[in-house]
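**Student:** Input: one structure, supplied below.
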Amino acid sequence: MTKYEGKTLNKAVFVVEECCIINCTLTDCDLFYSGGDFELLNVRFENCRWHFRGQALKTIQLQQTIGMLQPVPLPVPLKTDPTKAPN
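Next up, the structure:
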């Protein structure tokens with residue numbers, strides 16, 4: 017298990033079950049979680065993306081199905097006319 021303590025980590029990729037993260041700031045990171053044990057203590061997440069796999073993903077899907085969690089809407093792309101200049 018890799019331990020990160022008292023660091024600012026930018027644009028990193030983590031498998032949450034393989035890390036111990038304490039007193040850190042994660043900025044623009046990707047975190048993958050499959051439902052196993054984890055160690056996160058006093059961690060600040062800024063513009064991070066969570067990716068749920070395996071049992072974690074199935075748990076979220078069940079919670080959405082039975083109404084415990086609201087589905088997160090996907091961003092809608094802006095409709096622009098390429099023939100018009102921006103204002």
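Positions in the sequence shown are counted from 1; adding 16 to them yields this note's numbering.
Glycine included, each C-beta is placed from N, C-alpha and C at the ideal position.
Because the structure is a prediction, the values reported are computed rather than measured.
1) Hey, is the region 58–65 in contact with the region 79–87, meaning 3+ C-beta pairs nearer than 8 Å?
2) Rounded to a whole number of angstroms, what is the C-alpha to C-alpha distance between residue 23 and residue 36?
3) Rank 30, 26, 79 and 54 by C-alpha distance to the C-alpha of residue 44 and give the top, closest one.
4) Do you know whose CA, among 20, 48 and 30, lies nearest residue 73's CA?
5) Can you grab the Cα-Cα spacing for the pair residue 21 / residue 50, in whole Å?
6) Let me check one thing: in DSSP terms, what residues is residue 59 bridge-paired to?
7) Rounded C-beta distance between residue 144 and residue 57? I'm assuming under 8 Å.
**Tutor:** The answer reads as follows:
1) no
2) 12 Å
3) 26
4) 48
5) 22 Å
6) Its beta-bridge partners do not exist; DSSP assigns none.
7) Outside the shown range of the chain, which is 17 to 103, sits residue 144, and nothing can be said about it.
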